[in-house]
Every structure is written in C-alpha cells, then in structure tokens.
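Protein chains in written order, with my numbering: chain H, 44 to 211; chain F, 4 to 115. By construction, the Cβ of each residue, glycine as well, lies at the ideal position given by its N, Cα and C atoms. All values derive from a computational prediction rather than experimental measurement. Below is one structure, written out as structure tokens; the observations come after it.
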C-alpha cells in the first residue's frame, strides 16, 4: 500500500490518550481514472449514508470529488496510470479522510490557496473564470486540511464535520 | 452524454439527461452544447432537473457555455437539485445566472 496510517499523528494522539487506534471504516484502492473515481465516490457515500444527513452526504461527495479530480489531473500522465488509496473513518467529531496518491508532488510542497472566483458587479461574463473553483470548495467545506509527502506518495488528509447527534 | 434539445415557446430548452455533470463528462457536455446552441433562439434554458451531482468541472463547463452564448444570449438554468444548488451558492455563481425553480417558473411549457 502507499502508506502506513497507524504511524500518522491522528492515531498516535488517540493512543496517547489511552484510546484504541481508530478503525478505518472504508479503505479503497483505485486507479486515477474518471470512472474509477465515480465508483469510489458512489461507494464512499453509500458506506456512510445511514450515519450522516443528506446534506452532509452531498458535502462528502463534493469535497472528495474535488480532491480526487485534482489527483487525476496531476497524477495521471500519458505514460502511466496512477493509484489512489482512500481511507475514511467516522468518529465522534466527524469524518476523517486520508487520500494517498503516487503522482508528482504539489509544486513547492503547497496546496493551492483556493481563493474564490472574483465576481464583480456588474458581471462581466467574458471574464468569468471557468476553473479554480475546486480548491475553493475543498477549503471552504473541509477542516484540518493537511498535505505532506511521504516517500513517493502524496498524502492529503482533511475532516468533514458531522452532526454528532446523527453519527453512530 | 445525453442532451435533449427542444424549441419551446421561443426558448431553446436543453435537458441534461445525465444524473452527474462531473469531470468524467464535462468536456463532452461543453462540445455537445456548442453544437446544439448553434441553433438561433433568443433564450437558452438548461434544464438540470435530472442532475443530482455537479462538481467544479461541471460548473466550469456551464460557465464556458454561458461565455460562448454571450453577449447575444444569456444562459438560464432551471431545476437545480439541492446538491447542485449548493455548488452555485457556495461559489456565488448563483448571482451570475438566471435560475428558475423549474421550467414552469421559467415560463416555458413542460413537454409531455
């Protein structure tokens, strides 16, 4: 597999408090192809649908889609198909998602800042942006977004808040 | 890429027959819309009532369509489902498009 999650800081913190390491509720490995991404999204939403609200499921699918699409764009070249490893855990705070891929590193080791598109009044249609919405949505909807490089893998982790009264 | 175009009451209504407007089909959608929108008509209404998922690629494709229709025609949207509406609101792109609740509100008769 691309990386070894029990060594990451999240699980270590839990162990230090005397708790058991968090069990991953979903673990998927798939290639960096659009149809494989659609399938992974479908499986992820289906896995948690009974434990989260419809709105939260919509957010989950959207944020994960943006993250995975970004990986497909930067990791999938004409020479090779990349691999993505997804781990999703539901705990009392919400959903923790960890996405690893074997593509090229992010430029300068940083995530795009995802500033929202500038929409002026009156709107100049010709100047409207057609891209750049993805990282804006990821940053707007997720918490604790973290990126690092481990060996030849990119690791992206983030949280999505879930209403505790609904979560199992 | 399932798109069904119909001239109704002076408007060109394009129904998206897919349930996802995402990275997997954004480019086909753009290309097919260019062909369809070549028909002259004062209004172009994109009926998204079948679409339950839209990501930034889908949004970008819709913006692209809006841009190539401009300035002669403005793209109108109809039937945004909750998840689709959310993307437009979060990105504030709902301020850029004329959005109808449904085709009836857009004063275009439903096809039977």
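Q: Using a Cβ-Cβ cut-off of less than 9 Å, give me the residues of the stretch 90-110 of chain F that come near chain H, in sequence order.
A: 90, 93, 94, 95, 96, 98 and 99
Q.
Between residue 108 of chain H and residue 75 of chain H, how many whole angstroms is the CB-CB distance? I'm expecting something under 8 Å.
A. Residue 108 of chain H sits at position 65 when you count from the first residue of the first chain. Residue 75 of chain H sits at position 32 when you count from the first residue of the first chain. Not confirmed; about 13 Å, so no contact.
Q | Which of helix, strand or coil DSSP assigns to residue 50 of chain H | A | Residue numbering aside, residue 50 of chain H sits at position 7 when the first chain is read from its first letter. Confidence at residue 50 of chain H is low in this model, with a pLDDT of 41, below 50, so the placement of that residue should be treated as unreliable; the coordinate-derived value is given next. Reduced to three states, the DSSP call for residue 50 of chain H is helix.
Q.
Does the structure place the stretch 136-146 of chain H close enough to the stretch 179-196 of chain H that three or more beta carbon pairs sit under 8 Å?
A. yes
Q | DSSP-derived helix/strand/coil call for residue 57 of chain H | A | Position 14 of the first chain, counting from 1, holds the residue named residue 57 of chain H. Only weak support is given to the placement of residue 57 of chain H: the predicted model assigns it a pLDDT of 41, under 50, and the value that follows is read from those uncertain coordinates. Note: residue 57 of chain H maps to helix in three-state DSSP.
Q) Taking the C-alpha atoms as reference points, what is the distance between residue 104 of chain H and residue 45 of chain F? A) By 1-based counting over the first chain, the position of residue 104 of chain H is 61. By 1-based counting over the second chain, the position of residue 45 of chain F is 42. Roughly 36 Å between the two C-alpha positions.
Q: Write down the C-beta distance between residue 72 of chain F and residue 40 of chain F rounded to the nearest angstrom, noting that I regard them as a contact closer than 8 Å.
A: Taking the second chain and counting its residues from 1, the one referred to as residue 72 of chain F is at position 69. Taking the second chain and counting its residues from 1, the one referred to as residue 40 of chain F is at position 37. Sure, about 6 Å apart at Cβ, within 8 Å.
Q: Just tell me which of H:87, H:90, H:177 and H:114 has its CA closest to the CA of residue 127 of chain H.
A: To locate residue 127 of chain H, count along the first chain from 1; it is residue 84. Of the candidates H:87, H:90, H:177 and H:114, the one whose C-alpha sits nearest the C-alpha of residue 127 of chain H is H:114.
(Q) Quick check: the Cα distance between residue 106 of chain F and residue 189 of chain H, rounded to an integer number of angstroms? (A) If you number the second chain from 1, residue 106 of chain F lands on position 103. If you number the first chain from 1, residue 189 of chain H lands on position 146. Roughly 43 Å between the two C-alpha positions.
Q) Looking at the structure shown, is residue 169 of chain H part of a helix, part of a strand, or coil, going by DSSP? A) Here residue 169 of chain H refers to the residue found at position 126 when the first chain is read from its first residue. Helix, per DSSP.
**Q.** Cβ pair count under 8 Å reaching 3, the stretch 28-40 of chain F against the stretch 54-65 of chain F
**A.** yes
Q) Quick one: does residue 199 of chain H have its CB under 8 Å from some CB of chain F? A) By one-based count along the first chain, residue 199 of chain H stands at place 156. Chain F contact via Cβ: absent.
Q: Note down, in chain order, every chain F residue with its Cβ under 8 Å from the Cβ of residue 78 of chain H.
A: Looking up residue 78 of chain H in the first chain gives position 35. By Cβ distance, chain F contributes 27.
Q: Kindly indicate if chain F contains any beta-carbon less than 8 Å away from that of residue 213 of chain H.
A: Since the displayed chain H opens at 44 and closes at 211, residue 213 of chain H lies outside it and no answer follows.
Q: Kindly indicate which residue of H:77, H:94, H:167 and H:158 has the alpha-carbon position closest to the one of residue 116 of chain H.
A: Here residue 116 of chain H is taken as the residue at index 73 of the first chain, counted from 1. Looking at the Cα atoms, H:77 is the closest of the given residues.
Q: Anything in chain F within Cβ reach of residue 177 of chain H, meaning under 7 Å, just list it in chain order.
A: In the first chain, residue 177 of chain H corresponds to position 134, counting from 1. Here the neighbours are 59.
Q | Burial state of residue 153 of chain H (16 or more Cβ within 10 Å) | A | Position 110 of the first chain, counted from the first residue, corresponds to residue 153 of chain H. It is exposed - the Cβ of residue 153 of chain H has fewer than 16 other Cβ atoms within 10 Å.
**Q.** Identity of the residues DSSP links to residue 23 of chain F by a beta bridge
**A.** Taking the first residue of the second chain as 1, we reach residue 23 of chain F at position 20. F:56.
Q: Out of H:179, H:70 and H:145, state which residue places its alpha-carbon closest to the alpha-carbon of residue 93 of chain F.
A: The residue you call residue 93 of chain F lines up with position 90 of the second chain. The shortest Cα separation from residue 93 of chain F among H:179, H:70 and H:145 belongs to H:179.
Q: Thinking residue 6 of chain F and residue 17 of chain F are a contact (beta carbons under 8 Å), I'd like their distance in whole angstroms, please.
A: Within the second chain, numbered from 1, the residue matching residue 6 of chain F stands at position 3. Within the second chain, numbered from 1, the residue matching residue 17 of chain F stands at position 14. Between residue 17 of chain F and residue 6 of chain F the Cβ distance is about 6 Å, and since that is below 8 Å, they are a contact.
Q: Note down, in chain order, every chain H residue with its Cβ under 7 Å from the Cβ of residue 67 of chain F.
A: The residue labelled residue 67 of chain F in the question sits at position 64 within the second chain. The contacting residues are 173.
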